Every structure is written in structure tokens, then in C-alpha cells.
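Following: one structure in C-alpha cells, then a few remarks.
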Amino acid sequence: SQTIHQWPATLVQPVGSPLSLECTVEGTSNPNLYWYRQAAGRGLQLLFYSVGIGQISSEVPQNLSASRPQDRQFILSSKKLLLSDSGFYLCAWSVGSGRGNTIYFGEGSWLTVV
Amino acid sequence: AQSVTQPDIHITVSEGASLELRCNYSYGATPYLFWYVQSPGQGLQLLLKYFSGDTLVQGIKGFEAEFKRSQSSFNLRKPSVHWSDAAEYFCAVGSGSARQLTFGSGTQLTVLP
Chain H
111 SQTIHQWPAT
121 LVQPVGSPLS
131 LECTVEGTSN
141 PNLYWYRQAA
151 GRGLQLLFYS
161 VGIGQISSEV
171 PQNLSASRPQ
181 DRQFILSSKK
191 LLLSDSGFYL
201 CAWSVGSGRG
211 NTIYFGEGSW
221 LTVV
Chain X
26 AQSVTQPDIH
36 ITVSEGASLE
46 LRCNYSYGAT
56 PYLFWYVQSP
66 GQGLQLLLKY
76 FSGDTLVQGI
86 KGFEAEFKRS
96 QSSFNLRKPS
106 VHWSDAAEYF
116 CAVGSGSARQ
126 LTFGSGTQLT
136 VLP
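If you read the sequences in order, they're chains H and X.
At position 105 of the first sequence (counting the first as 1) the number is 215 in the working numbering, and the numbers step up by one without a gap.
At position 61 of the second sequence (counting the first as 1) the number is 86 in the working numbering, and the numbers step up by one without a gap.
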């Protein structure tokens with residue numbers, strides 16, 4: 111069966127520091143990968159998605175970036191964090207190219223920027 | 026562009042009572058619709074999904090949802106709520122070529138003993 115791992119689960123970072131969140135999917139190949147952010151009291155915002163290695167689409171302009179160095183690995187990064195980057199970050203995956211594909215989520219990472 | 030509206034930000038029900046969470050969507054073609062549940066500090070878990078066919082969809086944990094094209098709605102229901110159902114619920118519509126989901130803003134469910 112497929113599993114998704116996301117880490118770290120929680121982190122507190124000072125303003126201006128770098129960020130790296132990592133996500134890996136097991137049990138499937140060539141997944142679509144996603145990074146969502148959920149700010150306090152708000153819904154889910156799609157940040158990035160990837161349909162293959164090195165293929166990244168950005169949905170929201172910001173100081174975050176994403177990379178996909180391997181088929182089942184997706185990394186969310188920032189060179190300098192802002193206070194507004196605080197939130198709950200969710201990695202997710204799906205397979206296939208149709209719009210009816212189910213998206214499965216990881217357990218999330220809490221980021222607090224202080 | 027597609028959109029999803031969940032008009033109720035917060036709903037409170039008593040344990041054992043029935044539940045209906047509302048979801049309205051806007052999408053130009055036949056929608057693919059989903060309901061997810063999120064417990065505090067956790068990821069999202071898929072409850073059910075509608076792709077085609079029978080407009081009444083059964084999901085996990087005793088939930089069901091009914092697709093009504095004429096009303097552009099996909100409301101989630103449960104006949105008898107349990108305390109463990111307290112969570113946030115998200116409705117979503119499958120987007121086009123981007124293989125994405127567009128989410129509603131969520132409904133927070135509180136269950137009273």
C-alpha cells in the first residue's frame with residue numbers, strides 16, 4: 111500500500127532563517143505531488159504541484175520554492191522565512207492525469223516563525 | 026474558474042443528533058467532488074468522493090453525501106453523530122488539467138455530550 115511521510119512534524123524558526131520540509135511517498139511510482147498551506151482559521155491553499163521530476167508549478171507567488179529531486183521526493187524550501195510563512199504545511203500525492211484523481215495527504219508540518 | 030463554498034464556518038450538534046454540512050460548487054463541466062475530514066493537528070482524510078453514477082455516495086465512518094446538479098450542491102450527512110466526529114470538514118472539487126483540488130474554507134464541527 112501507499113504511504114506518505116512528511117517531516118519534521120513541528121518546527122520553530124526565526125525570521126530570516128532558511129526552511130526545508132521534506133516529503134516522500136512510498137508504494138507508487140510517478141505520483142503527482144503537492145504542497146498545501148493551511149494558515150490559522152483558513153482553508154487550504156495550494157502552493158506547488160509537480161507531475162514529474164524537475165517539473166514544478168507554482169500557484170502563489172511568495173518566498174517559498176519547491177523541488178523534486180527524485181520521483182517520490184518533494185521538498186519545500188525558503189531562503190529567508192517571513193512571519194507570514196507560519197502555518198500548517200501539508201504534502202499530498204495522487205496518481206493519474208484526470209481531475210477526478212483522489213489526493214492523499216500526509217500528516218502535516220507545523221511551522222511557527224518567530 | 027472553479028470554486029467551492031461552505032457557508033457554515035462552525036456547526037454545533039449534540040451527540041446522537043443528525044448532521045448535514047453544506048457544500049456548493051461552481052464548475053463548468055461535470056464536477057468531481059470530495060469530502061475530507063481533518064482532526065486537530067492532523068492531515069486530511071478522505072471521507073467520500075463522487076465521480077459519476079448514483080448521486081448518493083456512501084463513505085467511511087457512516088457518512089454519506091448527495092450530489093444535486095440542479096442546486097450545485099454536495100452536502101455531507103450523517104444520521105447520528107458521535108463525539109469522535111468533532112473535526113473540520115472540507116469539501117473540494119477536482120480541477121481541470123492541473124490535477125488539483127479546489128477546497129472550500131471548511132466547516133468546524135463541535136459535538137456536545
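Cβ atoms here follow ideal geometry from the backbone N, Cα and C, with glycine treated the same way.
Note that this is a predicted model, so its numbers are computed, not measured.
Discussion item. On a Cα-Cα basis, can you pick out the residue from H/115, H/131, H/215 that is closest to residue 189 of chain H?
Written reply: H/131
Worksheet item: What's the C-alpha gap between residue 118 of chain H and residue 220 of chain H?
Response: 8 Å
Practice prompt. For residue 86 of chain X, name the three-state secondary structure that DSSP assigns.
Written response: helix
Worksheet item: Which chain X residues are close to residue 216 of chain H, counting only those with a beta carbon under 8 Å from its beta carbon?
Response: 68
Practice prompt. Measuring alpha carbon to alpha carbon, tell me which of X/46, X/95, X/41, X/50 ends up nearest residue 117 of chain X.
Written response: X/50
Practice prompt. Give the residues of chain H in contact with residue 71 of chain X, contact being defined as C-beta atoms less than 9 Å apart.
Written response: 212, 213, 214, 215
Fill in: chain X contacts made by the stretch 140-166 of chain H, where a contact means CB separation under 8 Å
142, 144, 152, 153, 154, 156, 159, 161
Item to complete: Answer yes or no: does any C-beta atom of chain X fall closer than 9 Å to that of residue 220 of chain H?
Response: yes
Worksheet item: Got a sec? Which residues, its chain only, sit under 8 Å from residue 79 of chain X by beta carbon, not counting five neighbours each side?
Response: none
Discussion item. Output needed in chain order: residues of the stretch 188-206 of chain H with a Cβ under 9 Å from some Cβ in chain X.
Written reply: 198, 200, 201, 202, 204, 206
Worksheet item: Taking one C-beta from the stretch 31-50 of chain X and one from the stretch 172-192 of chain H each time, how about it: are there three or more such pairs within less than 8 Å?
Response: no
Worksheet item: Closest Cβ-Cβ distance between residue 99 of chain X and chain H: below 9 Å?
Response: no
Discussion item. Quick check on residue 67 of chain X: does DSSP put it in helix, strand or coil?
Written reply: coil
Worksheet item: Mind checking if residue 112 of chain H is an interface residue toward chain A, Cβ cutoff 9 Å exclusive?
Response: The chain labelled as chain A is not found among the protein chains of the depicted structure, namely H and X.
Worksheet item: What do you get for residue 114 of chain H, buried or exposed, if any count of 16 or more other CB atoms within 10 angstroms of its CB means buried?
Response: buried
Worksheet item: At what residue ranges does the stretch 187-213 of chain H contain a whole run of the beta strand (DSSP E), taking only runs of 3 or more?
Response: 197-204
Fill in: Residue-level contact to chain X via CB, residue 172 of chain H, 9 Å cutoff
no
Worksheet item: Can you tell me the Cα-Cα spacing of residue 201 of chain H and residue 179 of chain H, whole angstroms?
Response: 15 Å
Discussion item. Mapping the DSSP letters down to three states, classify residue 147 of chain H as helix, strand or coil.
Written reply: strand
Worksheet item: Using DSSP with H/G/I as helix, E/B as strand and the rest coil, what is residue 77 of chain X?
Response: coil
Worksheet entry | Residue burial classification, residue 192 of chain H (beta-carbon count within 10 angstroms, cutoff 16) | exposed
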